[in-house]
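Undergrad: Numbering (mature numbering (1 follows the signal peptide of the UniProt record, and there is no 0)), first residue to last: -16 to -1, 1 to 107.
The C-beta atom is built at its ideal place from N, Cα and C for all residues, glycine as well.
What you are looking at is a predicted structure, and each value in this text was computed from that prediction instead of being measured.
First the structure, then my questions, so here it is.
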Amino acid sequence: MLSFFAALGWASLALAVISLPSLLALALVPLVPPSHLQTLLCPMVALAIGTLCGDAPAPPPASCRARSGPHSESEQRDSVLKGASVLAGLYLFFLVEGTLGLQRHFKRKVRQDSPSAEGGRRT
């Protein structure tokens, strides 16, 4: 029983360490001037999403191992494929979001550099 409480303590410590940067960032938001807040917003959101994505997949494997009885190799492979598909979906979401952000950035830049944006033709 002691090993269970030791594992629970280490798991709680790891969770606190992983979640600490998000809590610190949240506590510092009121201290940041509004002009700098927009610059810091993107990394803070990325940190929050990373923390959630890191914390979310951790509990299911532990609960899967808690089931009693023998597990066949196909059941284990199925569980691994399900977890891998979740991580692949998160990665795909990241890629699509990044691609859309780059596309929007380049469209803005093209609009700013175009002659019609200045109200006349360049000579």
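Tell me the rounded alpha-carbon separation between Ser58 and Cys37.
TA: Whole-angstrom Cα-Cα distance: 26 Å.
Undergrad: Using the C-alpha atoms, what's the distance from Arg88 back to Ser2?
TA: Just to set this straight, residue 2 is Ile in the shown sequence, not Ser. Going by the C-alpha atoms only, they are around 32 Å apart.
Undergrad: Per DSSP, what kind of secondary structure is Val70 in: helix, strand or coil?
TA: Three-state result, Val70: helix.
Undergrad: So for Val16, helix, strand or coil by DSSP?
TA: Here Val16 sits in coil by DSSP.
Undergrad: Cα-Cα, which of His20, Ser56 and Phe78 is closest to Ala30?
TA: The shortest C-alpha separation from Ala30 is found at Phe78.
Undergrad: Using a Cβ-Cβ cut-off of 6 Å (strictly less than) and excluding sequence neighbours within five positions of Ser19, which residues of its own chain qualify?
TA: If we look at Ser19 and ignore the five residues flanking it on each side, it has no Cβ neighbours.
Undergrad: Just the Cα atoms here: how many angstroms apart are Asp62 and Ser69?
TA: When rounded, the distance between both Cα atoms is 10 Å.
Undergrad: Can you tell me which of the three DSSP states Ser58 falls into?
TA: In the structure shown, Ser58 sits in a helix (DSSP, three-state: H, G or I).
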